[in-house]
Each structure stands twice: as structure tokens, then as C-alpha cells.
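Protein chains in written order, with this note's numbering: chain A, 511 to 834; chain B, 511 to 834; chain C, 2 to 298; chain D, 2 to 517.
Each residue gets a CB set at the ideal place from its N, CA and C atoms; glycine is no exception.
Shown next, in C-alpha cells, is the structure this report addresses.
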Amino acid sequence: MSVETIESAGPAPRKGVSILFGLTLFGLLIVLWLLLGLATNAFWTPNNISNLLRQGAMTAILAVGQTFVIITAGIDLSVGAVVGFSSVVVAWLLAAGVPLWLALLATLLMGVLIGVFHAFGIVRMGLPPFIITLATLTSLRGIGLLITNGSTISITNEAFTTFSRADFLGIPSLFWMVIVVAVPAYVFLHLSRFGRYLFAVGSNSEAARLSGVNVNRTIYLAYILSSTCAAFVGLLLASRIGIGNATQAEGWELQAIASSVIGGTSLFGAVGSVHGPLLGAFILATINNGANLLNVNSFWQRIITGLLIIVIVYFDQLRRRGAR
Amino acid sequence: MSVETIESAGPAPRKGVSILFGLTLFGLLIVLWLLLGLATNAFWTPNNISNLLRQGAMTAILAVGQTFVIITAGIDLSVGAVVGFSSVVVAWLLAAGVPLWLALLATLLMGVLIGVFHAFGIVRMGLPPFIITLATLTSLRGIGLLITNGSTISITNEAFTTFSRADFLGIPSLFWMVIVVAVPAYVFLHLSRFGRYLFAVGSNSEAARLSGVNVNRTIYLAYILSSTCAAFVGLLLASRIGIGNATQAEGWELQAIASSVIGGTSLFGAVGSVHGPLLGAFILATINNGANLLNVNSFWQRIITGLLIIVIVYFDQLRRRGAR
Amino acid sequence: QDVTIPIIVKDTTSFYWQIVLAGARAAGKDLGVNVPELGAQAESDINGQISILENAVAGAPAAVVIAPTEFKALGKPIDEAAKSVPIIGIDSAADSKAFSSFLTTDNVQGGRIAADGLAAAIKEATGKEEGEVAIITNLPGVGSLDQRREGFLDQIKTKYPGLKVVADKYADGQATTGLNIMTDLITANPNLVGVFASNLIMAQGVGQAIAENKLGDKIKVIGFDSDEKTVGFLKEGVLAGLVVQDPYRMGYDGVKTALAVSKGEKVEANVDTGANLVTKANMSEPKIDALLNPKVN
Amino acid sequence: MTGLSEVTQRHDGQITAVGHPVPKGEPILELKVLKKNYGAVEALKPATMTFLSGEIHAIVGENGAGKSTLIKLLTGVIPRTSGEILWCGAPVALANPNEAIARGINAVHQEVVLCPHLSVAANMFLGDEMNSRGLMRKRAMTDAAQAVLDDLGFNLPANAELGSLTIGQQQLVATARAAMRGTQFLIFDEPTAYLTGQESAQLFRLIRRLQSQGVTIVYISHRLEEVFELADRVSVLRDGTHVGTRPITETNEAELIALMINRTIEQIYHKEHFAPGETIVETRGLSGPGFRDVSLTVRAGEIVGLYGLIGAGRSEFALGLYGRHPTTAGEIYWQGRKVSIANERTAMELGIALAPESRRDQGLCLNLPIGLNINLPVFRRMTRGLTINRAEEAANADRQIRDLQIKTPSRRVLASAMSGGNQQKIVIGKWLSHGARLFIFDEPTVGVDVGTKAEIYRLFARLLENGAGIILISSYLPEVYELADRLHVFRQGRLVASHDYRAASHEEVLAQAINA
Ligand SMILES: Nc1ncnc2c1ncn2[C@@H]1O[C@H](COP(=O)(O)OP(=O)(O)OP(=O)(O)O)[C@@H](O)[C@H]1O
Ligand SMILES: Nc1ncnc2c1ncn2[C@@H]1O[C@H](COP(=O)(O)OP(=O)(O)OP(=O)(O)O)[C@@H](O)[C@H]1O
Ligand SMILES: [Mg+2]
Ligand SMILES: [Mg+2]
């Protein structure tokens, strides 16, 4: 691919450039916010900022999880299905009278197991990540529909459903959850050696193996993290909409991947960060929020989103090439 | 990725093995058919075989187009949207009184242009194929909805709408269309030098370039073929459902990719064939047809489809490794 | 059970169609008929439903009950199918004269009922039929949702000149998107007094937004179809009303009629199974209660 | 000195707990009927060998003889088919690289296997990071890596991204990394392939230093003079069989070559002189990315050699001339006519062929068959109507495989399954079948065995005889020195000196390249 050529032709962004790049994407977000503030009075109201933070939160967490996988040159198409399935599992457990803490724990554990299954398929069965996660996507939706019999399970636990609406220190709890995920994710990816192994495996898995890196364990780690993030988002979704429904979160995998790539992750692996996908997710959320506030026709909204994705990623490419 | 390592560790299927592999996938299809024949009386009725051929046809054509792109180590996520969009375009043109032949031609030409746009984004703007085609996916649905104003356009041209139901020599016309696409596709991919160039670009675009291969033109070719196949399928769909509707064919891109991979295409590029995706598409169609005939609950159907994808690709991997 | 009568719904993954299937299942049990439950995986998947119809006919059943997912598109395939088996239509119409019998709710009428319900609720709250309203549609390109939207918009325009539609939004099939759109509408339109969420998923999402912002008194929401969650919202006053159809009866009577047709009995050509507005006031009436709590299992 | 000893000690501290070094001169690693099959290919037939503690043990053999296979078995990269490996007298499994690393067995592999996206320091510490309380000490690692590089005399920045370095520089990083870790047993698989004389000398000093610290060294090379300079003992592999081990003092080049290829070669640097014909190409003040103001001419029947250190700009000049990179100034005259070469196809149409420097990145489509690789430049010529003439395709591939003695059962085998030297032959073969007036060979004999090297040089002579001109780029001074009719020395992107055939001494040329 020509893209690959371009990416491997010269030195990739160095440390300083990566921070600069993060800043520039952040700058874009700020510019969007300022423009929307000028265009509509409603934008800068505390209420709307809260909404925006809530709306971007779930995609942001999914995108961070997805980024781990993409850095290893893999992909996880199942995350949307895992979100929907988790919402069903937690609703089902709560309806069966399982205590809240146990239901949450069990759902997260199920996320871990799905990740283990993916990595097993990739490492032991030699399946392409695309295929094994596509298969899980298909099957999980089926299992979820079977559990709910094609309908929804209401969640009556008040403590659980009010959580997503709550604020803490004036910031929506959903956004706090982004911080709760992003901070350890940052430490893991950028400061610990496991994060470095993710990059090494994505860059040249043979070299990593020869250096004594446990490549298989690294792949397990990446997929477990992705699925667990997705299960966590499933909990947040269940809390937010108060139901378990297996067909929810359809297409969120593509949104998560898009957020990650907008945030500078390379689908060829070995390039990515934690702050990038977060910014990517909130840029997408801002586009939607802004379009709603400006009462843009829903169809135009789609067209504009597509064009903006192209423009943003294009300028990102330009900047990176220029930075060399 | 470990998969990549496995694939590059030894020789990939040689000529003989590739035919054997094709045969074996073909064998699997035959086994499926025999089993279904035993399990249900309705399966081997001419009527049902016609249905099966019709039902697999559109995915098969999409999968062949997609395979060209995947061989260059790219991906085309837009094909489902192009199918829906084409159905709108042809319906719109026909409603505007454009003669049938011109409407068909214009729709195909639009497919070509979409492919050109993709390749332009990849080659000139340096965008990852995943991103540019994802953006087109989003925007095209928006444009289609804008044209139809969120609704549908009826097609009154009888000649056009009866085509998809017609038979020729006892074989459904839709299946003839598969042949019409597959035969030139086979010549192109396996017998012409351009096919070789696709493989070379997917394997190592720099080596291809230094060997005098016009890498950019090869990429243009791949994406144009994929989009044109999709536009062609859009025509078939419009003929089959008798309307233009921008939201049709949602998720068909994943089905096309899955068919291609089941048929032995490697998502890392440089491995693929024309017969593989055809078999993959008809295996998927058979699973659905059989499940319907056996009255399998539609939720179980999803679960089984997911599991079968894993099993089929796993055994394919095994055979390929064994063949070394 | 030698007699087979498949029922083909639009989307097996939605609660509404599960109720239809439950009715059909019950009829199958009562009448000793084998009833395969078929349907596409999304209401927008026209090609999928055509394939399923083809497959069902290939099994040589006694009759087929179908809820056509799109008016024009299913016309020809149904004509074709009717050549070999009798076809009974339920829920929505199709461009075909080949139906042996037809049991429907008129979705356009459903939209009108929603408009009436919304106007009444607004009047009850503010004393006048005036203000800004919005409509949120689950997905574009879905026949029944289009018809509801059309009926609603038409009724507002012709009968309630005081009501102004300030937003006409489409979501992507996700409750969360409905929720997000609604919170943004609340921000962007402080004077909003009413919303029509034209299917179950949107009613869930929009209801959640109203509940989160505790605006049940100020913004009146009419939903379409019902489940435990939306009935709960209705009780709490989060939703002002729900337009409910009688899916259970459609399924049950569909199979029953199909059996009669296959035996050569004469049946009524058109049956309207009706749509009703449910509000907090009438929800405990026995007839409505039966609609709200169908016997799914 | 500080950097290396510091780090080595740190690793010493970890390793000594694992294995006990054996007294100098005793067997440290023994192979007992060790065997490796790749499917039907017997890469290593049952081999029995002994490595003595503290020695420098060279291994030589033709391309595909099984040298790299042996190394991969010793480092746990691939599993053995049968046989036994004894480490300090006890059998060991060596089932994965970790096990080898834990015992202190390290290798610099033939193809540089590092992570291009990570920094030099990150690569050097990969799998063995410095941590404190679970977090990496990035600064400390960068400093330590820089100290080691400086100590070894490698002028490389530790915080640069590896992918931004040339292959040669990457090779140095791999060497530094292994040296930093290899405490007991260190294997070099053709380490000098991408190094210039000066760097080679540095490497040899490093190897001797490690030996004096008690490290056992295994050294694989196709350059016999290196073997005689360094080794204590030398083993020969032929077709996967161990045909003998000699103390270095009891053998000579002729004997080794005879053992390796089962026949004798009177002269490796086969050189025929032809009267120079018309000028094929002339550059005047050509500049581009990585090179500046280069003027030279190539005439029919002559070899023009380009010599320089790593990064001197020779490959960039070649790529510029070939149209891969845009040139920014200067002119190119092709057979007296001014031309502009905007892309590779223009160059090919004029009659230029380029066998590039990196076979992995530029030369080969590794996961495609050998036949397709050989035919890639000539498919256009084989097209009849719409399709390719399959018979012609097969015939051409088979002819090149036969002529170049590429060791493969079939043209359908993937290029990735070939040994390094055989891969190089595929790259050359593809340009021979294309044919041209001007051949640019960039490091054509990297990793190629003596026998084949002589074949390739003979091939050059045939090309010259047919009226072609050759630009030969090599970092191996003897090669360009012995072959080039005119030798140009590059330094920092500029052509700094030119000599006629053997007109200057080795020392002079080297000094000009280094700018002493
Ligand atoms: N992955 C593989 N699959 C199949 N055969 C292989 C593979 N790797 C190497 N071989 C074969 O094993 C034999 C030995 O190869 P090896 O790489 O050990 O040679 P070598 O002595 O290192 O040669 P060179 O001097 O060219 O590097 C060759 O015939 C080669 O083709
Ligand atoms: N695309 C580029 N743009 C600018 N400079 C480059 C580019 N590619 C390489 N260089 C620089 O050009 C110089 C010449 O590199 P080149 O690879 O041509 O040297 P060389 O003499 O062939 O040495 P060797 O091949 O032995 O490493 C190096 O300093 C390199 O970093
Ligand atoms: Mg070797
Ligand atoms: Mg070079």
C-alpha cells in the first residue's frame, strides 16, 4: 500500500512531534468549540458542556481500548456487540436478583473472557483478528437476543440507573469514568514496559519475540483490555438508558476505530497514544452536538461527518510528513 | 501480528495447493449441500436451488470486487453504502425519464468515480484506506437520503424490475451476473499482468515500484473495480426490490469481506483468488438458506454463522500450514 | 402437525415483532399448526425479507403470513409467491393484489393519533394547543416509520396550526443516539413543549433524556408501541402517551386466517386491528392493560 | 569503556545466577546429531559440533548451507526436528528465545530484526527494560544506551527512531544490543555485510574485547579474510552437513573453499577489461535528497565503482538517477542527450536497471513466489493480448533459477523461504531477465557466498561484453577496488575523489572516505 510506504519511508514522528500533534488536535477541538460558541448561544451553557462530555464518554473509552489492539497491528470489530451484550448481561443478572456489585463484576469478567477468546483464536488458532472478532460480533448479538428473546430487559435498580446522570464536582460521572480509564491506560501504554511491548509487537513481532518479549501474552493483554473496556462501556450504557438490549451499540466499533485513527493511531500498528483517541472521540461528539444545536438536517450531518473525517486525517498526515 | 508471522514464515500455498484449497472449500460447500439435502426435503428442489443462487449472487460480486482491494493490502468499507446509493441513483434517473441504458451506464460511471475518489485519497492525500472508505460510507448514505428525502423512490420500469426475477437456461439471471463478473475477473487477476501487479503491490509496494510497476495506477484500478462492482450490485438490488433506498445493504461490506476471507484472501495482502470469495459468499448464503429451511431460530442462526466462520477459517489455516 | 404456516415479520430483534410472533405461536398451538417464525434482522433489510419469503415458499407451506417491510419492494415477490401459496398480509400493506386477506394497523393513522395525543397533552399542561414540537425517527428509509412521520406532520399542519415543528430528526437505530439528540434539542430549543418519538427504541431514549432532566411536566412526549420500560415512564409521567397497536392479535389472527384460507374457507379481505392512544388516565382499563402486557412467552 | 562495562555488569549480575561459565577451552555448547527440516527441505542434516568456552569460532559455507538455520536453533527461534543441544554439559530445550537469552546466548541475526518504530534505546533494551516500581526508567535507558554506543565508537543518537537510520546503522544497533547483553555466548550472522572497513575494524575490536572478557563468539561470514583475521577455529557447512572443523592455523583459504563448494576457485574477483565504448550516461552536478553536486560518467564496457562509508549518499544518488527520488539540481545526459528521469518507468525505458540495496524492503515481494519476483519487471513484455504467456513466464523464471543456481525446488516457492544469499540472487536475476544498457548494482554481493560471488562477477563481465555499463556500489572496499575501472569515493553526499583501476592504495581510498 502506498500508505504503508509513506509511513515507513521516513522517520515516524518523534516524541516531541507526538506531543505537538496531540496539542494540535486539541487545538482543533478548541477551535470547533469556539466556532460553535459563536454560532449558537446554547453551546457554552454548563448544561450543554455536560451533555457533550457525556455524549463523547462512551466512544472515548471504547476508542482507548481499541487503540491497544490497533497498536499491535490488530483490530477488534466486536466492541459494539460486546457493549450491547454486556448491557443485557448486567440487566439479566440484576433482574435475577444478583447484588449490584456482583453483577458489575461478573459483566466485567465476561468482558475479560471475550478478550481471552479473541487472543486464543489469534494466537493458537492462527485466525486473523478481523475474522475472529467479526465472528464474535455476529454470535454475541445472537446470544444477547436469545437471552432477551429479542426484546429488552428493564433495569429497576435505582442506584445503578441514576449513576450515569449524576455529577461529581460539577463534572458528569460518565466523564469521570473516562478519566478513571484514561489515567491507568496512559501509565500502562506510555510508562510501563507492557505498553512498550505492544508497540514492539505491532512494529515487528518477530523482533519482539527474538528479544524475549512474550508476544502471545502481549496479544492476550491487548484484546483483554479492549473487550474489558467494551464491557465497561456496556455497563455505562445500561446505566444510561436503563435497559439491557442486545442490538444497542450497533456500529460503535467503527466509531471507536475512527476516533482512534483521527487521534493519530496507525492501522498498520506501532503508532498510537492514549490522548489521541480521547480527542478523536470528543471531536466526533462535538460535530454531532454542534449539528444538533444548529439544527442541521440529519442527512447533511452524515455528509459533513464524512467530509470532516477526511479533512482532519488529511491535515494530520500533512503535519506528520511536514514534521519530518 | 502473530498471524503475519505465520503467513510469512513458510511458503504460501503453491499453485497445486491453491487449486486443492479451492477444491476443498468447494468440497465443504458440497458437503453442506448434501447434509441439507438429507435434513430437509425442500433443499434440493429446483426452486430452492434457484433461490440459493439468487441469494448468494450479490454478496459474491461484492466479494470479488473487495478481493482486488484486499490483495493490495487495502480495504473498502464503502461497498454497502455504494450499493444503497446506486439503487437511489438509478431509481432517480429512471424517475426523471432518463432512458434505461443511460441510467444504467451513468450509475456504473458513478461507481467508477467513487473508486477514483478513494484511490485519490489514498495515493495523493495519503489517507489510510480504512478511513477514506469509512468517510465515503458515511457521506454517501447522507447524500442518498438527501436525494430521496429519507424515503424511497419507486422504479416503474417493468423491463428493469422483472430482470432480477427472470431465468435464462433455467438459471436465475442474478447468477448469470455472477458469471459475467467472475470470468473477466478471473482473467484479469490470474492471467493478466495487472493481476500480478496487484499481488506485487500488496506484498511490497516499494519493490513493485522499483521494478517498474505503476503502483498508483494499480491502486486506482483496485478501488475502481471494487466500487464498480458495488455499483453493479446496486443495480441488481434496485431491480430486485424495485425501489431506490439509500439505507439498503447496510453491513454488506462486512459480509463481502468475510466471504473474501473465508475464501482464503489474506487481509495482509498478496494472497487471494477469484474463486475463493465466490465460494465464501455461497457458503454464507447456504448457511442462511439452510437455517431458514430447517426453521432455526434467527438468533441461533447468528450464533451458528459466527461459529461456522471461525471453524471454516481455522481449518483453512490448518490445511495451508499442513500443505507446507 | 402436518400443516405449516410460516410467519415472516420485519425484524425479529424488536420487541414489537416478538409480540406478533408470540400471538402467532399461540395460534399455532391452539390450532395444531406448525408456525416457523421468520424475519429479517433489521426493519430496513428489504432484500433480506425477500430472500426469506423465497425460502419460505420453497418449503411448500399451506400458506404464508407476512408483514411486508416495504410497500413497493415486496409487491412483486408477493405476487410471485402467491402463485404457489395463499399469502396473508399483516401490519403493513404491499403493492400487490394477491393477498388473500389483510390485517393491518394504518401507520399513517397511528401518526395522526400521536399528533392528537400530543396536542391534548400540551393543552392539558399549558391550556392551549400552541408551542414548538419535534419528531425523532429511529431510522430513515423504513416504510412504517415514514408513514407515521407523514401522518403526524400532516395532522399537525392541518389540525393544529398553533403547533410548530422545529426539528425533524433521524437517529441511527440506537437508543443512545435518541437520548443524545433529545438532550441537544432541549438545549437548543428552550421553548420545546412536545416530542413524538415514533417507535419503541426512540421512546426509550427520549424518555431517558426527559427523565434525566426532569422535564416531564414541561415537555410532553408521545411514544409508539410499548414495553415494560416505556410503560414505567408513562406511569411516572415521563411520557405523556403511547400509541399502541395490537400486535398480538395480528399474529394470532394472521395465522388463524391463513389456516382458514388454506382450507378453502372464505375470509374477510381487510381487517383493521386498530391503534389506540394510551395515557396515564386510561392505562388501567382492562382492554388497554391487555395491550400493554401481552403474553409473550 | 564506562558505558559498556557498567551495563554488562548489570546483566552479568542477572545471568550468572542462571548458568555457570565453563573454564576456558572446555566445551560450553555441544550439538549432537542436530537436525532441522522445513517441510521436505533438509536445512540441517544431522550435525555434531562443539564450541569451546572463550574461543572465536567461525562458520563458513555456501548460501543455503544451513548456517542461519543452525543459529536459529541455538537461539530458540525455531524448534529443532531432532537431536540434542548440551549447554555446559547438560541437555537444554532452547524452546524459545527467552530460554536462550536467560542462559546468556545472544545473536545478531542476518536480517536485521529490530522494531523500526521504536527508538534506538528502546530497541537495545527491548525485553529487558530498566524499571523502578513498575514504571520504565526511560531517561536512564536512553543514557545507558548512548553510553554503550559512544563507548563502541558508533556515532548514533540513542533517542532517534530506528526506522530513520540506514540499514547499516541499524545493523550497528543490533550489534550494540547483543554486545550489551551477550554475556556468555554471542553469535554474529554476517555482521559486516552492511558495514564499511572502518566499522568492521571497530566491530573486530569489540569482538576481541568480549573474548577477553570470557565470552564465546560464533562468527559467520562469507569474507574469508575476516575469518582468518579473527577466528581460533573454523567449521564448514555444506548442504546442511558439517564437513569439518579446523584450527585456523592449520588451514588456508583454498582448503576452506574446496570444503565449502567441493571444487576450487582460482580467482574470486574475476575481472576482464574491455575497451571503453560510447558514454552511456553522464551526470552533471546532480543533487537530490542525500547527495549533492555529483558529476560522473559511465561508458559502455566499464564498471564504475562507488565507495563510501554508511550514509555517504551512494544509494540515494542511485535512487535519484533511477527516478525514485526527485533530483533538485543538475543534469543527466543519456547517450549524449539531455533527459529528465521523473520516475522509475522512465529510467527503465531508457535502459537503466537497479538492483537495490535492501532486498527485504526494496528488492523482493517476500510473500510471493520466486517466479513472480523474477518476472515482475518483464510482465509487460510477456503479455500477449490481454493475458500473460504462461509458458514464457515459466521458462524465464526457470532459466534465471538455473543460471544463477538459486537453491530452490521450484519457482513457486515463496521468496521468504530462501536463504539470504539466494534472495540476493533473485534480485539480480530479475534485472538480468529485463536487460538494460546501464546496470546499477547496490551492494550486490551482500550475504553471497564466495562461489556465487565469483559467478556474479563473471556475469558482470558478460554484461560489459554485451556493451552495457555498470555502476557498482559497495561498502566492501576489496570488491570495488578489484572490479572498478573507475572508482569514485563519496563522503557526506559528495563525490570527493576519483581513481582509475587500482590507481590508489586501499589506505588512500579509505582516508578519503573518512576525511582523515
Ligand atoms: N522458512 C523456511 N522454510 C523453508 N525452507 C527454508 C526456510 N528458511 C530456510 N530454508 C531453507 O533452508 C536452507 C538453509 O538456509 P539458511 O538460511 O540456514 O542458509 P545459510 O547458510 O544461512 O545461507 P546464506 O549464506 O545465504 O545466509 C536453505 O535451503 C533454505 O532455502
Ligand atoms: N528521503 C531522504 N531525505 C533526506 N535525506 C535522506 C533521505 N534518505 C536518506 N537520507 C540521508 O542521506 C544520506 C545518504 O544515505 P545513503 O543510504 O544514500 O548512503 P549510502 O552511501 O548508500 O550508505 P549505505 O547504503 O552504506 O548506508 C544519509 O545521511 C541519509 O540519512
Ligand atoms: Mg544465512
Ligand atoms: Mg547504500
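Start and end residues, alpha helix (DSSP H) containing residue i
{"i": "Lys30 of chain C", "result": "Phe16 to Leu32"}
{"i": "Met687 of chain A", "result": "Ser683 to Tyr696"}
{"i": "Trp335 of chain D", "result": "Segment Ala330 to Trp335 is the beta strand (DSSP E) holding Trp335 of chain D; no alpha helix (DSSP H) there."}
{"i": "Ser597 of chain B", "result": "Val589 to Ala605"}
{"i": "Gln576 of chain A", "result": "Pro556 to Ile581"}
{"i": "Asn64 of chain D", "result": "Taken as a continuous stretch (DSSP letters only), Asn64 of chain D belongs to no alpha helix (DSSP H), as it is neither H nor E."}
{"i": "Leu679 of chain B", "result": "Here Leu679 of chain B belongs to no alpha helix (DSSP H), and DSSP marks it neither H nor E."}
Sequence-distant residues of the same chain with beta carbon closer than 6 Å to residue i, five excluded per side
{"i": "Leu720 of chain A", "result": "none"}
{"i": "Val340 of chain D", "result": "Ile333"}
{"i": "Ala146 of chain D", "result": "Ala122, Met125 and Ala159"}
{"i": "Val305 of chain D", "result": "Val299, Ile472 and Arg487"}
{"i": "Gly566 of chain A", "result": "Ala791, Phe792 and Ala795"}
{"i": "Pro47 of chain D", "result": "Val34 and Lys36"}
Residue i at chain B interface by Cβ criterion, 8 Å
{"i": "Ile136 of chain C", "result": "no"}
{"i": "Leu22 of chain C", "result": "no"}
{"i": "Gly800 of chain A", "result": "no"}
{"i": "Gln401 of chain D", "result": "no"}
Any chain D beta carbon closer than 8 Å to residue i
{"i": "Met511 of chain A", "result": "Residue placement at Met511 of chain A is flagged as unreliable, the pLDDT there being 33, under the threshold of 50; a coordinate-derived value is accordingly withheld."}
{"i": "Ser702 of chain B", "result": "yes"}
Neighbourhood of residue i by C-beta distance below 7 Å, restricted to the same chain and skipping five residues each side
{"i": "Phe640 of chain B", "result": "Ile585 and Leu587"}
{"i": "Ala43 of chain C", "result": "Asp12"}
Where residue i falls: helix, strand or coil (DSSP)
{"i": "Asn38 of chain D", "result": "strand"}
{"i": "Ser518 of chain A", "result": "Bear in mind that the predicted position of Ser518 of chain A carries a pLDDT of just 32, short of 50, making it unreliable; the figure below should be weighed with that in mind. Reduced to three states, the DSSP call for Ser518 of chain A is helix."}
{"i": "Gly224 of chain C", "result": "strand"}
{"i": "Gly309 of chain D", "result": "strand"}
{"i": "Glu38 of chain C", "result": "strand"}
{"i": "Gln170 of chain D", "result": "helix"}
{"i": "Gly132 of chain C", "result": "strand"}
{"i": "Val299 of chain C", "result": "Residue 299 of chain C is absent from the structure shown; chain C starts at 2 and stops at 298."}
{"i": "Thr775 of chain A", "result": "coil"}
{"i": "Lys272 of chain D", "result": "coil"}
Closer than 8 Å to chain C by CB, residue i
{"i": "Gln758 of chain A", "result": "yes"}
{"i": "Ile653 of chain B", "result": "no"}
Neighbour flag for residue i against chain A, beta carbons, 8 Å
{"i": "Pro1 of chain D", "result": "Beyond the ends of chain D as shown, which are 2 and 517, falls residue 1 of chain D; an answer cannot be given."}
{"i": "Ile182 of chain C", "result": "yes"}
{"i": "Thr17 of chain D", "result": "In this prediction, Thr17 of chain D has a pLDDT of 32, which is less than 50 and means its spatial position is unreliable; what the coordinates show is noted afterwards. Judged by the 8 Å Cβ criterion, Thr17 of chain D is not in contact with chain A."}
Spatial neighbours of residue i in its chain, beta-carbon cut-off 8 Å, leaving aside the 5 residues before and after
{"i": "Leu745 of chain B", "result": "Ser596, Ser597, Val600, Leu614, Thr617 and Leu618"}
{"i": "Ala122 of chain C", "result": "Gly195, Lys221, Ile223, Ala241, Gly242 and Thr280"}
Extent of the continuous beta strand (DSSP E) run through residue i
{"i": "Lys11 of chain C", "result": "No beta strand (DSSP E) holds Lys11 of chain C; DSSP gives it neither H nor E."}
{"i": "Ile729 of chain B", "result": "Ile729 of chain B -> not in any beta strand (DSSP E); alpha helix (DSSP H) instead, spanning Val725 to Ile751."}
Practice problem: Please name the residues in the stretch 559-593 of chain A whose beta-carbon is closer than 7 Å to at least one beta-carbon of chain C, in chain order. | Solution: Asn561 and Gln565
Self-check item: Interface positions of the stretch 658-677 of chain A facing chain F (Cβ-Cβ less than 7 Å), listed along the chain
Solution: The question asks about chain F, but that chain is absent: this structure's protein chains are A, B, C and D.
Practice problem: Please list the residues of the stretch 162-177 of chain C that have a C-beta atom closer than 8 Å to any C-beta atom in chain B, keeping them in chain order. | Solution: Tyr171
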